[in-house]
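**Q** Quick one: the structure is below, and I'll ask about it shortly.
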Amino acid sequence: MTISLLCFALILLITYWLSDSGALGAFLHLACVITAGALAFAVWEPLAYLLMGTGAGNYAKGTVLLGAFLGLLLLLRMLADRTVPRDVPLPKGPNMALGARFGAAAGVLSVGMLVIGGGFLQSTVSIY
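Residue 2 is where the sequence shown starts when you use this note's numbering, and the numbers rise one by one after that.
Printed below as a string of structure tokens:
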């Protein structure tokens, strides 16, 4: 229950933040999230099995998936911000509405990746 509420709050926060940045910024972030997720899943298993042999043990799968996703997302977002420095001028209403839709999709995918990666980390059964 607690994790569900935290995930929902994080999705709402990402949606608000990206709707405020505009439609183009939210769309670019969504494209970066999709690309980073696909690349993270591509390198996840080979790197995790390499780390398992070095003593990372049971934390290797979750750490590699989260690290690859967050690192690639940071890199892709920095490249997108340098490539497209300004937003497309749209009226405020449609700009925020489109930004919210793209932001909600990016939030769901980002939080989903965090939950999947966190599911591979060993911890206690309950979080209080």
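Beta carbons are placed, not taken as given, at the ideal position from N, Cα and C, and that holds for glycine.
Excluding sequence positions up to five away, which residues of its chain have a Cβ less than 8 Å from the Cβ of L52?
**A** Result list for L52: A61, T64 and V65, in chain order.
**Q** Just checking my contact of G104 with S20 at CB under 8 Å: how many whole Å lie between their CB atoms?
**A** Contact flag correct, Cβ pair sits at about 5 Å.
**Q** Can you list, in chain order, the residues of its chain whose CB lies under 6 Å from that of V89, leaving out five sequence neighbours each side?
**A** The answer, listed in chain order, is L25.
**Q** Pick from L122, P86, A107 and M2: whose alpha carbon is nearest that of S31?
**A** Per the sequence shown, residue 31 should be read as Leu rather than Ser. Ranking L122, P86, A107 and M2 by Cα distance to L31 puts A107 first.
**Q** By the three-class DSSP mapping on this structure, what secondary structure does G23 have?
**A** G23 falls in the coil class under three-state DSSP.
**Q** Please work out which residues of its chain come closer than 8 Å, Cβ to Cβ, to A41, disregarding the five sequence neighbours upstream and downstream, and give them in chain order.
**A** Excluding positions up to five away in sequence, the list reads L66, A69, F70, L73 and M114.
**Q** Spatial neighbours of V34 within its chain, please: C-beta separation below 6 Å, excluding the five flanking residues on both sides.
**A** Excluding residues within five positions, the ones whose Cβ falls inside 6 Å are A107, L110 and S111.
**Q** Is the beta carbon of T16 sitting closer than 9 Å to the one on L77?
**A** For T16 and L77, no; Cβs fall outside 9 Å.
**Q** In angstroms, rounded to a whole number, what distance separates the CA positions of N59 and L122?
**A** Cα to Cα, the separation comes out at about 7 Å.
**Q** Buried or exposed: where does L13 fall if 16 or more other Cβ atoms within 10 Å of its Cβ makes it buried?
**A** Exposed is the call here.
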